[in-house]
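Residue numbers (this note's numbering), protein chains in the order written: chain X, 1 to 415; chain B, 1 to 259.
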């Protein structure tokens, strides 16, 4: 079993906070397939379309038949550790801070032999479950995990560096009124979050559900309005240095296409969903990015919730979908900007939520509880791209396959 | 023009005092909230364009976002459907002499303290007139409720059955119009009561005032510093093309301590 992580002590104010370092960044273009799969929590390797060989490491051509027709495909996760190396010295600043470092050579059931980071509960000769994770440099790496769950396995230092697990962390949820907020607080607390800050816009407006949130222990309601840079600056001044995970639940949505709709609502959609994200990132991003190596409650993830129609619009929500596409684009730039710090930018794509703005839509719709579960699962697993619910998963799958066909299907071109 | 010279002297000496009846434009100041499927009143927002920095080295300025009806504001006749055909009913068309005039204040603060749905009725108006004389033609009539002193959450006072705040009955507004008033002003977020949607017609102050080409003022403050009669109100909206209203600085000239 892993040693359970203890709650962090108060920091020594005379010590400089640990500066984040990153593991090596350089990867070939071919190897980025590992990163894409790791971001989504899939274990995918290159499969040769001609001879069927599964190969690792990724290359531009099949090592067996030289075919260039290589497809990234989800792969069997079983394997056996055939050798273990314990590294005691390294010139690399990231690894020097974490020595000794354990690596293993793993024979995959799918064929190839791969070099993997070893979980603390895994040793030479063990059957293991392989997973792709994003390391601090947001590159996909293979990790060998115990086949069966072991006690406190997520507290292993390796896993802590590969995930954004809420345990002992302090979380800011930006919109108290969002239907997902209460179940999200509960899910985060169940996962061990130390404290949850919840943003409330327009405290001059009474709203049902406030008392239920205010009554929770280790939860503070704070003034926050993503449309007001001043309120964000004030709050970041107060809690920016103890926000380890930020979950942006602020969202403005109104139904309607483009021709018959209203630019006033569209402007609100842009203000909240796009510029709100930008303001939040400007207010909280720098202090979070500076604290990604700050002990057990280091800053770990900036989470944004997007409609799956960010990928391809639903014409019944035209302006809203445009705001989601814009927000997705911003999040990708933010991901690039957070890259040097190791702060994770996690996008959670979701289909229609079972809320007041999707009343006439038939099921399936995503329950707020299910969205909350997906968010926490994504943090626990350390993902950057999470698809919540069947609609989002299906849309993403069709989009990956052929964005053009998906567009025509969604806009009524398909039968 | 000795009147104006005298006025300047009185202002300088403190014989006439200026009272600011305006709330600060602040992102946190409540605005009217409608059912969410309707369009909403924009909140006041300030966005820094530069602050003596690389975006403009020697100057600081902001872009503003707001509705015509955000903060302390003026309602023009074209604001309401009943006033849509009133000639010169938009803020840029109203003759400027309308913006300065006498003002009377009906003190409803005690009633509003006891009943958040307090109604200004013809009986209240008649009782006021019995004490202070008939409301003069062309006067602004302000309803003092001390609502401006409330905590923000008790200002709209929103509940599951809608907002609760004092305001005039349809009969009261008609009684004021019969006296030829210039307009009607309140300390609350609108000229109508919080529950004004349930009168016939709904929102009677808006409906009757603007239908008659009269004006509204709302979100006023400091009405407790005004005498019941004898003050002068200055309320000049911005000259917005086709504007249905405007945020503005509302000033009152009142007799000073040295008068």
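Glycine is no exception: its CB is placed at the ideal position from the N, C-alpha and C atoms.
DSSP three-state call for residue i: helix, strand or coil?
| i | result |
| --- | --- |
| residue 6/B | helix |
| residue 113/X | strand |
| residue 139/X | coil |
| residue 32/B | coil |
| residue 52/B | strand |
| residue 226/X | coil |
| residue 90/X | coil |
| residue 47/B | strand |
| residue 246/B | strand |
| residue 349/X | strand |
| residue 118/B | coil |
| residue 88/B | coil |
| residue 111/B | helix |
| residue 14/X | coil |
| residue 181/B | coil |
| residue 32/X | helix |
| residue 218/X | coil |
| residue 46/X | strand |
| residue 131/B | helix |
| residue 420/X | Chain X is shown from 1 up to 415; residue 420/X falls before or after that span and cannot be answered. |
| residue 93/B | coil |
| residue 234/B | strand |
| residue 389/X | helix |
| residue 202/X | coil |
| residue 195/B | coil |
| residue 240/B | coil |
| residue 403/X | helix |
Roughly how many angstroms separate the alpha carbons of residue i and residue j, rounded to a whole number?
| i | j | result |
| --- | --- | --- |
| residue 90/X | residue 21/X | 14 Å |
| residue 219/X | residue 293/X | 25 Å |
| residue 7/B | residue 16/B | 8 Å |
| residue 22/B | residue 231/B | 16 Å |
| residue 49/B | residue 57/B | 11 Å |
| residue 61/X | residue 31/X | 12 Å |
| residue 6/X | residue 113/X | 36 Å |
| residue 113/B | residue 212/B | 31 Å |
| residue 296/B | residue 377/X | The shown model of chain B, from 1 to 259, leaves out residue 296/B, and the question about it has no answer. |
| residue 118/B | residue 196/B | 11 Å |
| residue 383/X | residue 246/X | 15 Å |
| residue 87/B | residue 219/B | 26 Å |
| residue 136/X | residue 289/X | 12 Å |
| residue 245/B | residue 133/X | 58 Å |
| residue 175/B | residue 100/B | 22 Å |
| residue 318/X | residue 119/X | 46 Å |
| residue 233/X | residue 338/X | 19 Å |
| residue 248/B | residue 74/B | 7 Å |
| residue 202/B | residue 81/B | 12 Å |
| residue 233/B | residue 162/B | 32 Å |
| residue 311/X | residue 34/X | 22 Å |
| residue 211/X | residue 189/B | 26 Å |
| residue 296/X | residue 230/X | 31 Å |
| residue 32/B | residue 129/B | 32 Å |
| residue 122/B | residue 191/B | 16 Å |
| residue 403/X | residue 316/X | 18 Å |
| residue 168/B | residue 268/X | 33 Å |
Determine the contact status of residue i and residue j, defining contact as a CB-CB distance below 7 Å.
| i | j | result |
| --- | --- | --- |
| residue 346/X | residue 380/X | no |
| residue 54/X | residue 104/X | no |
| residue 250/B | residue 72/B | yes |
| residue 166/X | residue 191/X | yes |
| residue 183/X | residue 326/X | no |
| residue 144/X | residue 130/X | yes |
| residue 278/X | residue 343/X | no |
| residue 204/B | residue 173/B | yes |
| residue 204/X | residue 27/B | no |
| residue 184/B | residue 156/B | no |
Assuming residue i and residue j form a contact by the criterion Cβ under 8 Å, report the distance between their Cβ atoms to the nearest whole angstrom.
| i | j | result |
| --- | --- | --- |
| residue 49/X | residue 74/X | Rounded, the Cβ-Cβ distance is 15 Å, inconsistent with contact. |
| residue 243/B | residue 95/B | Contact doesn't hold; Cβ gap of about 15 Å is too wide. |
| residue 37/X | residue 140/X | 6 Å |
| residue 42/B | residue 25/B | Actually they do not touch by this definition, with Cβ atoms about 12 Å apart. |
| residue 164/X | residue 300/X | 4 Å |
Closer than 8 Å between beta carbons: that is the criterion. Which residues of the segment 142-161 of chain B meet it against chain X?
Going along the segment 142-161 of chain B in chain order, one finds 152, 153, 155, 156, 158, 159 and 160 with a Cβ nearer than 8 Å to chain X.
Please identify, using Cβ separations under 9 Å, the residues of the segment 208-227 of chain X that lie next to chain B, in order along the chain.
Those would be 208, 223, 225 and 227, in chain order.
Taking beta-carbon pairs under 9 Å, can you tell me which members of the segment 34-60 of chain B lie near chain X?
Against chain X - using a Cβ distance shorter than 9 Å - the residues of the segment 34-60 of chain B are 36, 37, 39, 40, 42, 43, 45, 46, 47 and 48.
Taking any Cβ of chain B, which residues in the segment 224-251 of chain X have a Cβ under 9 Å from it, in chain order?
Answer set for the segment 224-251 of chain X: 225, 227, 228, 229, 230 and 231.
Select from the segment 187-208 of chain X all residues with a C-beta closer than 9 Å to any C-beta belonging to chain B, and list them in chain order.
For the segment 187-208 of chain X, the beta-carbon criterion of a distance under 9 Å to any beta-carbon of chain B is satisfied by 202, 203, 204, 205, 206, 207 and 208.
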